[in-house]
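Protein chains in written order, with the working numbering: chain A, 1 to 147; chain B, 1001 to 1147; chain C, 2001 to 2147; chain D, 3001 to 3147. Note that the Cβ used here is the ideal one computed from N, Cα and C, for glycine as well.
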């Protein structure tokens, strides 16, 4: 189902690399967040405005990452986002950083919707929840459907 | 066995935080790498000199991270490293970022020893392998003992 | 002379901001380097390939920066590059970060062409020197013309 | 007058370096800010608490930087801060990054005290102004003394 798939291009600059000549490992998480931000924007949810309006933020609470091959200076990368699972306060996405169709880094990222002040769990605002459902085909998990 | 445990203090500066008022999630991976570097140094292996001499590097190839509570500007954090498992070309460590004894971030990080040019797996140099065994009590896993 | 002017768009992500709610000051230098890289690429000099071929690098050796107004999360910025002066081993550019036509940060950046190993001054390779001259109208300064 | 001089040690990690094998130029500004933060803390002004209490922030509004020699992976650097000039809303410091007594980077940094919300100029709170005067010998410039 292709609607679930969003890809964002990213170029590797000096700032992203380290003295081993490759992209510094933590920076792939920055790339992934850029792609998530652009993905939400593509669904009609400009991040800053949305968070300000609803006083929520999306915080990563769990990440599993496989670093398969290094990216290097000047590489043109594709960073994908695919929604996998949605709860009332939680969203799980699969992400991949690839170069010329070859996977370099793969990750599963669990995001929590939290209130912007105390970082306590908060419900994903209804309009975004619907948009995630419509655009990605990912509804809340089965257990959540039986109140 | 307390020898397995190494802790390094880190202060949170503006550069580490983001507009949500907390430490940006990717930066915990930077903190963890600083602690791993200081841990190897404490075992007698200054990283840059060691990698230059042996033409190897340690690359993270897998990471699992739980972001439990946010750190904030000016926090004084402790970042720990504990060796968990060692193979011929591979080292797994458990790491924790805590504040006043409360865990904020927990991670399991798998490092591959790779040749510094092509990033192909390379044996952990014998002197470091021995030091890891002596200092941490972590020898190679059982399967690796039966060639 | 409009040929001298190159502009590159940059979006502000969480990674760029700090706990004061604005872009962290050092990150404007990252933005400026991205724009310089894209500018050289637009002149036919993909940076990584060029530096590898000629075994040179461009190192910033002097910078003067005015931080006029803060950029914030999600802002869409324009980062410009304009060549100002060229020596045998040296290139001076004026750069500006703006939002909706309003200048936020202005800088004069002096770059040295250096050999990639020891970082000693090296002549700007002739092909690039010519391209800078053609594309930007900036030849070597007068004093350099009188040997 | 040695009281004017404060020095903070910083180690270079992989995260600080780039594919040219040296510290990425923007990261020296991060080092300088760490040193300024520790300097204020040493004068009795823990930054986060102080800014929260007075609802002000210190924003860099001008910087002049000379990058003289590159720092490399694992270097142990000293970053100094010396107050140079103080106005009602403004503080100028000279900073240097050195290795084994050799200057690598030198900068003059002008900081503006601003209100934390709109980033408009604000008076440096009186207690800090006095401490800067006592500890550094830098009072307000002459012109400011004649209202």
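Asked                                                                                                                                                                                             : Found
For residue 1120 of chain B, which residues in the same chain have their Cβ closer than 7 Å to its Cβ, ignoring the five residues on either side in sequence?                                     : 1114
Mapping DSSP to helix, strand and coil, what is residue 3047 of chain D?                                                                                                                          : helix
Label residue 2941 of chain D either buried or exposed according to how many other C-beta atoms from any shown protein chain fall within 10 Å of its C-beta, with 16 as the threshold for buried. : As displayed, chain D neither begins before 3001 nor continues past 3147, which places residue 2941 of chain D out of reach and without an answer.
Going along the chain, which residues of the stretch 1067-1088 of chain B sit with their C-beta nearer than 7 Å to a C-beta in chain C?                                                           : 1073
Going by the DSSP bridge assignment, what does residue 2017 of chain C pair with across the sheet?                                                                                                : C/2023
Can you look up residue 89 of chain A in the DSSP assignment and give me helix, strand or coil?                                                                                                   : coil
Output yes or no for whether 7 Å exceeds the beta carbon distance between residue 116 of chain A and residue 20 of chain A.                                                                       : no
Does residue 1065 of chain B have its Cβ less than 7 Å from a Cβ in chain F?                                                                                                                      : In the displayed structure, chain F is absent; the protein chains listed are A, B, C and D.
Starting from the beta carbon of residue 2112 of chain C, find every residue of chain A whose beta carbon is closer than 7 Å, and list them in chain order.                                       : In chain order: nothing, as chain A lies at least about 15 Å away.
Rounded to the nearest angstrom, how far is the Cβ of residue 3093 of chain D from that of residue 3036 of chain D, given a contact under 8 Å?                                                    : 7 Å
Strictly under 7 Å for the Cβ-Cβ distance: is residue 2097 of chain C near chain D by that measure?                                                                                               : no
With hydrogens ignored, establish whether the beta-carbon of residue 1123 of chain B is closer than 6 Å to any heavy atom of the ligand ZN.                                                       : Looking at this structure, you won't find the ligand ZN or any other ligand, since it has none at all.
What is the residue span of the alpha helix (DSSP H) that residue 1122 of chain B lies within?                                                                                                    : It is not in any alpha helix (DSSP H) - residue 1122 of chain B carries neither H nor E in the DSSP assignment.
When you compare the CB of residue 1028 of chain B with every CB in chain C, is at least one pair closer than 7 Å?                                                                                : no
Flag this pair as touching only if the stretch 4-17 of chain A and the stretch 48-67 of chain A have three or more C-beta atom pairs under 8 Å; answer yes or no.                                 : no
Bridge partners of residue 1102 of chain B, per DSSP?                                                                                                                                             : B/1099
List, in chain order, every chain B residue whose beta-carbon is nearer than 8 Å to that of residue 2031 of chain C.                                                                              : In chain order: nothing, as chain B lies at least about 15 Å away.
Bridge partners of residue 1064 of chain B, per DSSP?                                                                                                                                             : A/64 and B/1108
Output needed for residue 110 of chain A: all residues of its chain with C-beta closer than 6 Å, excluding positions within five of it in sequence on either side, in chain order.                : 61, 62 and 92
Would you say residue 1052 of chain B faces chain D, with C-beta separation under 7 Å as the test?                                                                                                : no
Use the C-beta contact count for residue 75 of chain A: other C-beta atoms within 10 angstroms, 16 or more gives buried, fewer gives exposed.                                                     : buried
How about residue 47 of chain A and residue 2048 of chain C: are their beta carbons less than 7 Å apart?                                                                                          : no
Ordered along the chain, which non-local residues of its own chain (more than five positions away) have a Cβ less than 6 Å from that of residue 3043 of chain D?                                  : 3131 and 3135
Answer with yes or no whether the minimum CB distance from residue 2135 of chain C to chain A is below 7 Å.                                                                                       : no
Taking residue 2089 of chain C as the reference, which of C/2054, C/2122, C/2127 and C/2137 has the closest Cα?                                                                                   : C/2122
So is residue 13 of chain A in contact with chain C if we call contact Cβ pairs under 7 Å?                                                                                                        : yes
Residue 1098 of chain B: which of B/1024, B/1085 and B/1080 sits nearest, CA to CA?                                                                                                               : B/1080
Nearest by alpha-carbon distance to residue 1053 of chain B: which of B/1082, B/1126 and B/1105 is it?                                                                                            : B/1126
Is the CB of residue 91 of chain A under 7 Å away from at least one CB in chain C?                                                                                                                : no
If you draw a straight line from the alpha carbon of residue 3066 of chain D to that of residue 2087 of chain C, how long is it in whole angstroms?                                               : 18 Å
Using only alpha-carbon positions, find the residue among A/112, A/15, A/13 and A/34 that is nearest to residue 96 of chain A.                                                                    : A/34
Sort A/18, A/23 and A/28 by Cα distance to residue 2015 of chain C and report the nearest one.                                                                                                    : A/28
Are residue 2138 of chain C and residue 2083 of chain C closer than 7 Å when you measure CB to CB?                                                                                                : yes
Whose CA, out of D/3039, D/3026, D/3069 and D/3040, lies closest to the CA of residue 3105 of chain D?                                                                                            : D/3069
Identify which residue in A/108, A/40 and A/100 has its Cα closest to the Cα of residue 77 of chain A.                                                                                            : A/100
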